[in-house]
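Structure first, then comments.
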Amino acid sequence: MSEVKNEERTWARWVVLAAIIVGVFLFTGLGLGIKVIMPEVFLPGEALSETPILGIEGFYLTNTFVGMIGADIAVLLIAFFVNRGVKSGKMALDGVSGAIEALLEALENMTEGTAGKWTKDIFPWFATITLLVLSANWLGLLPGVETIGFIHEGHGDYAVRDLGFVQTIWDYGEGAENVHIEEGHGASVVPFFRPVSTDLNFTFALAIVAVLMVQVMGFRALGWGYLTKFWNTKHFFDKPIFGFIDFGVGLLELVSELSKILSFAFRLFGNLFAGAVLIFVMGSLVPVFVPAMFYMLELFVGMIQAIVFGMLTMTFMAQATQSHGDHDEAHA
Amino acid sequence: MEFSVEAATILGKLIGAGLAMIGAIGAGAGIGIVTSGAVQAMGRNPDAAGNIQTNMILGIAFAEAVAIYCLVVALLILFVVG
Amino acid sequence: MEALGINLPFLLVQIINLLIVYTVVAKWVVGPVGKMLTQRRETIAQGMEDARVAGEARANAEEEAAKIKAEAQAEASKIVSDATERAQSAGAEVKAAAEAEASTAKDKALANVEAERNQMLGDLRGQVAALAIAGAQKLVGEVLDEKKQHALLNDFFAGVKDGSVVVLADAGLKGDSAEVTSALPLTDSEQDLVKKDVLDKSGAEAVSFLVDPAILGGLVIKVGDKVMDGSVAGKLEGLRQNMR
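Structural data, given as structure tokens:
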């Protein structure tokens, strides 16, 4: 038993060693000495086509759009496999759908602990957001993402090199002969695929829908009484000072709902965008072995951010369903 | 060496982005405090570890949001402004 | 907004996309998985319930069996114990008579031994006193008043000075019975003195005297649950503690 385990571990060790040796051979002066370039960082999604979709101005087919399609396909595949697994009538699923099931079970337990009887309404949102963001984040870690794309000339710092079947941008280094690039007029790559979490449209869409659904949950649970959370005039006249403070706090709640949108959107975007830039920078500084560690970090961050986004939505929804203010109980 | 507006712009952007990230100090300290408290609580009451972990991650997310705002400002300065 | 890449059409597309994904997940992931989870929980609960019922039934059967067995055992043991009792009562009488005889003989022997020991120690006391006086004479080189020396030595062994027990001087002892231990047997007059003093001061009703050479000299008086240690051994021990 232990011998088999040892063998497996040795095998994995050799693979890591081989990868390091290949990296050293490719990227250092000992071998080919390829210079790893630092790609240009764009904050908005880059357009892949010149003409806008459906003629709407400013609405291009961007690489984050492709990323969105990818994330959708991933979620659909998850749905398909989970559904098939459940239909097969097993007691527990196996493979990827088993992992999804375990994740969902943990999330549902968490929801039940926080939301109580509203679990049935809240949990689907939790699951949706977590699964969608998780697939969007992890798709960005696949090889080829953010590196394969059109070469865009006249924009960037590097020269183009023709490898026959494919072109690439190439860093010839300073003072190389017969390659003259004017600053900012070389070429850069516009990748086909970029994870959709690095597009503010996606994160804002998620945040807006999440905060809206929080309000919807509040109305469903408390009816019009939910509005007294924001327009609190209950004690405005009988207790002037505290009534006024309550009123002010209610208005602040309104502001905090708006700031929730911003904080949701920028948290996800900031983490994922910073992660992508981090991997670029680390890859261009130390191309051998070190990026692998940052890929692992990004794997972790991607999952944590997905769960945090879903969990915060769930928590806010659960809070909205609970009657706010202890005054209600006092009068009841 | 003569004065160049572009160079001064780039200089200002880089310094500004660096200064914007100072705010990450607070978030780092906050995350540290949150985690320290959570770990102590888990040590005292291991049965409640799951619940504490959930709340810890929530608290970390809130603290981290501050750092993310800083990062966004820095990114805006670097890639968007000017 | 333009520089951040936010534009309305794409935002709307994303929102619609999210709603589609929500529908898909709610219908085809959360629904089936939730159903499966509840089913599994129910199955497990059912299994636990079945196991519990089966366990109960078994426990009942076991209880019944145990009851029958216990009854049988009780009957058997009763018969046995009756028989044993009869045999024992016959035996016990014989044994008791023998034991009583033996114990009186033993007590007598013990009393003899004790008296003999005290007698020997009393004889010894005179010899020790003489030896001590002789030794002191040799050491000091002059003859004190022999009577005074005897008195001093008696004080040493009896812990009595100027007609009262030294140990009791400042102790508020209260109790029903007192026990006085000395290194060598006290003379009758000393015993009377000590007894009177102890009875006066402690309110005890009876005083018993013991001899224990290990305390070297002086008296150890035990009244009720309190012990006053006026022995030379105790003082030496205290001295030793102080000198550390």
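Read top to bottom, the protein sequences are chains X, L and F.
Heads up: the first sequence at position 164 corresponds to 494 in this note's numbering, and the numbers run straight through without jumps.
Heads up: the second sequence at position 81 corresponds to 339 in this note's numbering, and the numbers run straight through without jumps.
Heads up: the third sequence at position 183 corresponds to 174 in this note's numbering, and the numbers run straight through without jumps.
Positions of the beta carbon are idealized from the N, C-alpha and C atoms, including for glycine.
Asked: CB contact flag (Gly221 (chain F), Leu210 (chain F), <8 Å); Found: yes
Asked: Endpoints, the alpha helix (DSSP H) within which Ile367 (chain X) is located; Found: First-last for Ile367 (chain X): undefined, no H or E at that position.
Asked: C-beta contact flag for Leu530 (chain X) and Leu(-5) (chain F) at 8 Å; Found: yes
Asked: Contact list for the stretch 302 to 316 of chain L against chain X, Cβ threshold 8 Å; Found: Asn309, Thr312, Ile315, Leu316
Asked: Cβ of Ala323 (chain L) within 8 Å of any chain X Cβ; Found: yes
Asked: Classification of Ser68 (chain F) by the beta-carbon crowding that lies within 10 angstroms, buried from 16 upward; Found: exposed
Asked: Inter-residue Cα distance where the pair is Asp656 (chain X) and Thr14 (chain F); Found: The predicted model places Asp656 (chain X) with a pLDDT of 46, which falls under 50 and marks its position as unreliable, so this point remains unresolved.
Asked: Residue-chain proximity (Gln5 (chain F), chain X), Cβ-Cβ < 8 Å; Found: yes
Asked: Separation of Ser527 (chain X) from Leu584 (chain X), as counted between CA atoms; Found: 27 Å
Asked: Beta carbon proximity, Gly(-4) (chain F) to chain X, threshold 8 Å; Found: yes
Asked: Paired residues, beta bridge with Tyr488 (chain X) - DSSP; Found: X:Ala517
Asked: Pairwise C-alpha distance: Ala404 (chain X) and Val520 (chain X); Found: 23 Å
Asked: Closer than 8 Å to chain X by CB, Asn8 (chain F); Found: yes
Asked: At least 3 beta-carbon pairs within less than 8 Å: the stretch 592 to 606 of chain X vs the stretch 631 to 638 of chain X; Found: yes
Asked: Where Met273 (chain X) meets chain F, residues with beta-carbon distance less than 9 Å; Found: Any question about residue 273 (chain X) goes unanswered here, given that chain X covers just 331 to 662.
Asked: Assigned exposure category for Lys559 (chain X) - 16 Cβ within 10 Å defines buried; Found: buried
Asked: C-alpha distance - Phe567 (chain X) paired with Gly573 (chain X), whole-angstrom precision; Found: 7 Å
Asked: Partner residues on chain F for Gly375 (chain X), Cβ-Cβ distance less than 9 Å; Found: Gly(-4), Phe1
Asked: 7 Å CB neighbourhood of Thr441 (chain X) in its chain, flanking five on each side removed; Found: Thr449, Ile452, Phe453, Phe456, Met644
Asked: Short CB-CB distance (under 8 Å) between Met27 (chain F) and chain X; Found: yes
Asked: Proximal residues, the stretch 600 to 612 of chain X versus chain L, C-beta separation under 9 Å; Found: Gly600, Asn601, Phe603, Ala604, Val607
Asked: Near-chain L residues of the stretch 569 to 598 of chain X (beta-carbon distance less than 8 Å), N- to C-terminal order; Found: Ser593, Phe596, Arg597
Asked: Between the CA atoms of Trp344 (chain X) and Trp500 (chain X) - distance to the nearest angstrom; Found: 31 Å
Asked: Positions along the stretch 34 to 68 of chain F whose CB lies within less than 7 Å of some CB in chain X; Found: none
Asked: Rounded separation between Met612 (chain X) and Phe389 (chain X) - CA only; Found: 33 Å
Asked: Residues bridged to Ser222 (chain F) [DSSP beta-bridge criterion]; Found: F:Gly209
Asked: Helix, strand or coil at Lys186 (chain F) [DSSP, three-state]; Found: helix
Asked: Contact belief for Ile310 (chain L) with Ala299 (chain L) at Cβ below 8 Å, rounded distance in angstroms; Found: 5 Å
Asked: Inter-stretch contact at 8 Å, needing at least 3 Cβ pairs: the stretch 185 to 199 of chain F / the stretch 94 to 101 of chain F; Found: no
Asked: Between the CA atoms of Ala48 (chain F) and Glu66 (chain F) - distance to the nearest angstrom; Found: 28 Å
Asked: Own chain residues within Cβ distance below 8 Å of Leu592 (chain X), not counting five before or after; Found: Ala537
Asked: Trp500 (chain X): first and last residue of the uninterrupted beta strand (DSSP E) it sits in; Found: 497 to 500
Asked: Reference Ala319 (chain L), options L:Ile273, L:Glu264, L:Val292, closest by Cα; Found: L:Val292
Asked: Contacts of Val405 (chain X) in chain F (Cβ-Cβ under 7 Å); Found: Val12, Val15, Val16
Asked: Inter-residue spacing [alpha-carbon to alpha-carbon] between Leu642 (chain X) and Leu316 (chain L); Found: 7 Å
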